[in-house]
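Residue numbers (our numbering): 2 to 81. For each residue, glycine too, the CB sits at the ideal point set by N, CA and C.
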């Protein structure tokens with residue numbers, strides 16, 4: 002039985018309306034790993050097996066900072 006982690010994240014600077022490249026490219030990088038990302042009004046989330054989730058967090062962080070992010074908030078929780 003594989004464990005899963007829920008990852009909730011917010012990438013700043015926050016732009017109301019249309020997210021900047023620092024957000025869209027980070028999300029696309031996570032999705033390229035086969036992970037569906039739910040984009041919400043106050044943050045985005047995804048659920049993945051622990052091994053994939055930790056890789057996704059690294060990819061997300063790298064892409065966000067490489068594209069102009071100034072701050073990333075990440076919260077994780079074991080969900081199964």
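In the DSSP output, what is residue i paired with across the bridge?
{"i": "residue 45", "result": "10 and 40"}
{"i": "residue 56", "result": "The partner list for residue 56 (beta bridge, DSSP) is empty, contrary to what the question assumes."}
{"i": "residue 50", "result": "5"}
Taking the alpha helix (DSSP H) that residue i belongs to, which residues open and close that run?
{"i": "residue 77", "result": "From DSSP, residue 77 is part of no alpha helix (DSSP H) but of the beta strand (DSSP E) over 72-79."}
{"i": "residue 19", "result": "No alpha helix (DSSP H) holds residue 19; DSSP gives it neither H nor E."}
Would you decide whether residue i is buried or exposed? Buried here means 16 or more other CB atoms lie within 10 Å of its CB.
{"i": "residue 29", "result": "exposed"}
{"i": "residue 80", "result": "exposed"}
{"i": "residue 10", "result": "buried"}
{"i": "residue 47", "result": "buried"}
{"i": "residue 49", "result": "buried"}
{"i": "residue 70", "result": "buried"}
{"i": "residue 37", "result": "exposed"}
{"i": "residue 12", "result": "buried"}
Could you tell me how far apart the beta carbons of residue i and residue j are, in whole angstroms, since I believe they sit closer than 8 Å?
{"i": "residue 23", "j": "residue 65", "result": "5 Å"}
{"i": "residue 75", "j": "residue 31", "result": "Residue 75 to residue 31, Cβ: 12 Å. No contact."}
{"i": "residue 33", "j": "residue 39", "result": "Incorrect: roughly 16 Å between the Cβ atoms, too far for contact."}
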